[in-house]
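Residue numbers for the sequence shown, in this note's numbering: 951 to 1380.
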Amino acid sequence: MLEKFTQELITFIDKSPSMFHTVQTLEETLIENAFKYLEPSMPWKLQKGGKYYTTCNGSSLIAFRVDSLTIEEEGFKIIGAHGDVPGFRIKPEPQITTEGYIKLNTESYGGPILNTWLDRPLSIAGRVSLKGEHPLHPVTRLVDLNKPLLIIPNLAIHMNREVNNGVTLNKQKDTLPLLTYTNEPVEENLILELVSKTLDIPKETILDMELFLYPFEKGMKVGLNEEFISSSRLDDLSMVYSGLQALLTSQSQTGISLFACFDNEEIGSRTKQGADSPLLIQTLERILLALGKSREELFMALSKSFMISADVAHLTHPNSPEKCDPTHRVLPGKGPAIKVNANFSYTTDSDSASSFMALCKDHAIPYQIFVNRSDEKGGSTIGPVATSHLGIRSVDIGTPMLAMHSARELMASMDVLHTYHALLAFYNLN
């Protein structure tokens, strides 16, 4: 099972070069598994045993299964993750010509490790908006140029003798990707021309584009025994994939099993499609109303609900173990990490941590504890912002990894499988 699950995760990530493609890939899998789409602008009709999903902005998705009709007594079992990743977005007027080189003007998204994007073949994917029948309803198309179009070249060591002592990269100057070179003036927008040709549409119909760079190299298994996964976007698509597969393979008879993939976690979640929005609470309310429940029964259901905020964690680094907490070592192959923070950058408290620990112990699933060094500020997750809208119990857990936010990240295959088994056990609770 390990080899199959690992390879399917790599395939899932390779098919998901942008947050829009991640949702498209999720939708394809859900439809294959008989999930029915719920249009947000239409009434919802739900029934026991039904499997449903809805989307927001084409970049967030919520899928759920109605396991019983007594939700007010049994609550929701929620797993939340995010589908966006740190990187670079192409600006609206992107072309810059310097000494015959044509570069693209970009803006960083989230907090990428900048130097990992240098000297690496890059491609472009995202969303294109076309003129529709109504000004407020443009037609959208996804595009993946799917070839090594770009590269951000390093400056040679002969011109930068201090490079191995550490160099600060300027995002406006040093991280602009090279597209081509020419001896002739270029008037046309080359990316617009390329997108138009790829989608086989007139360029005049394109109103706007949300295009992102992504590393072109595919994911792969590495290590002496292929025990690691090396890939882009493991944060957080590894958790998205594990959560989705847990939902698809679970067999609960109680409450509502729900999986949420949010957008914009890497920039704070404060968008209509982010976790710090009414998206999840409104979806939960619509589910209850569609099942004939009252608003009071919604609050009753929330009091019985539990959420797993699923976002990757840090492994202890083999070359920098001193960067990790002295009494909490998170190691490969030893299971998902429960993420704890005194200032609640994560939702975990002793109540929710104990619940996840008991779940793992009941199913012989290994787990670990992650805390940051007290003098190192860590990141946060969707957990605190999502649960602040819901008021439900929640634990933050994640598959541990190395090189988080690098263009190429690394995690142990066995930990991905352990995480999936823990999420599956959660959904299977009765």
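Cβ atoms here follow ideal geometry from the backbone N, Cα and C, with glycine treated the same way.
(1) Where do the ends of the beta strand (DSSP E) carrying Arg-1387 lie?
(2) Is Ile-1315 helix, strand or coil when you go by DSSP?
(3) List the DSSP bridge partners of Phe-1384.
(4) What's the gap between the Cα of Glu-1176 and the Cα of Met-1170?
(5) What's the gap between the Cα of Leu-1198 and the Cα of Val-1136?
(6) Quick check on DSSP: helix, strand or coil for Met-1159?
(7) Cutting at 8 Å between CB atoms, please list the residues of its own chain near His-1371, excluding the five before and the five after it.
(8) Can you tell me the Cα-Cα spacing of Gln-1201 and Lys-986, whole angstroms?
(9) Counting only runs of 4+ residues fully inside the segment 1329-1365, write out the alpha helix (DSSP H) ranges in chain order.
(10) State yes or no: is the C-beta of Leu-996 within less than 8 Å of the C-beta of Tyr-1003?
(11) Report the option in Glu-1083, His-1084, Phe-1256 and Leu-1126 whose CA atom is closest to the CA atom of Ser-1344.
(12) Whether or not the segment 1085-1102 and the segment 1176-1195 are in contact is what I'm after, with contact meaning three or more pairs of Cβ atoms, one per stretch, closer than 8 Å; do they touch?
(13) Note the first and the last residue of the continuous alpha helix (DSSP H) segment covering Glu-1167.
(14) Is it the case that the segment 1145-1163 contacts the segment 1325-1343, given that we only count it when at least three CB pairs across the two stretches are under 8 Å?
(15) Run the CB neighbour count on Gly-1082, radius 10 Å, all protein chains shown included, and call it buried at 16 or more, exposed below.
(16) As a quick exercise: from Leu-1126, Asp-1365, Ser-991 and Asp-964, pick the residue whose alpha carbon is nearest that of Thr-1047.
(17) Suppose you measure from the CA of Leu-1241 to the CA of Phe-1026; what does that come to, to the nearest Å?
(18) Quick check on Pro-1271: does DSSP put it in helix, strand or coil?
(19) State the start and end residues of the unbroken beta strand (DSSP E) segment that holds Ala-984.
(20) Where are the beta strand (DSSP E) runs, 3 residues long or more, that stay fully inside the segment 1055-1135, in chain order?
(21) Please determine, among Gly-1037, Met-992 and Ala-1263, the residue with the shortest C-alpha to C-alpha distance to Arg-1358.
(22) Would the segment 1212-1222 and the segment 1049-1057 be scored as touching if the rule is three or more Cβ pairs under 8 Å?
(23) Alpha carbon to alpha carbon, how far is Leu-1174 from Asn-1277? Give it in angstroms, no decimals.
(24) For Asp-1017, tell me which candidate among Gly-1076, Lys-998, Leu-1128 and Ser-1330 has the shortest Cα-Cα distance.
(25) Going by DSSP, what residue range makes up the beta strand (DSSP E) through Gly-1193?
(26) Assign Ser-1244 to one of two classes, buried (16 or more other C-beta atoms within 10 Å of its C-beta) or exposed (fewer than that).
(27) Taking buried to mean at least 16 other C-beta atoms within 10 Å of its own C-beta, is Arg-1015 buried or exposed?
(28) In terms of residue numbering, what span does the beta strand (DSSP E) encompassing Leu-1011 cover?
(29) Measure the Cβ-Cβ separation of Pro-1196 and Ile-1029 and say whether it is below 8 Å.
(30) Thinking C-alpha only, which one of Thr-1204, Ala-1287, Glu-1246 and Ser-1259 is nearest Val-1190?
Straight from the coordinates:
(1) Nothing can be reported for residue 1387: it is not among the residues displayed for the chain, which extend from 951 to 1380.
(2) coil
(3) Coverage of the chain is limited to positions 951 through 1380, which leaves residue 1384 absent and any answer about it impossible.
(4) 9 Å
(5) About 50 Å.
(6) strand
(7) Excluding sequence neighbours, His-1371 sits near His-1313 and Ile-1315.
(8) Rounded to whole angstroms, Gln-1201 to Lys-986 spans 18 Å at the Cα level.
(9) Listed in chain order, the complete alpha helix (DSSP H) runs (minimum 4 residues) inside the segment 1329-1365 are 1332-1340.
(10) no
(11) Phe-1256
(12) no
(13) It is not in any alpha helix (DSSP H) - Glu-1167 carries neither H nor E in the DSSP assignment.
(14) no
(15) exposed
(16) Leu-1126
(17) 14 Å
(18) helix
(19) First-last for Ala-984: undefined, no H or E at that position.
(20) At a cut-off of 3 residues, the continuous stretches assigned as beta strand (DSSP E) that sit fully inside the segment 1055-1135 are 1072-1084, 1087-1094 and 1128-1131.
(21) Gly-1037
(22) no
(23) The residue you asked about is not Asn; residue 1277 is Thr in the sequence shown. Roughly 29 Å separates the two Cα atoms.
(24) Of the listed residues, the one whose Cα sits closest to Asp-1017 is Lys-998.
(25) Element bounds for Gly-1193: not the beta strand (DSSP E) but the alpha helix (DSSP H), 1184-1199.
(26) exposed
(27) Buried, because 16 or more other Cβ atoms sit within 10 Å of the Cβ of Arg-1015.
(28) 1010-1016
(29) Pro is not the amino acid found at residue 1196; the sequence shown has Ala there. Yes, they are a contact pair.
(30) Of the candidates Thr-1204, Ala-1287, Glu-1246 and Ser-1259, the one whose C-alpha sits nearest the C-alpha of Val-1190 is Ser-1259.
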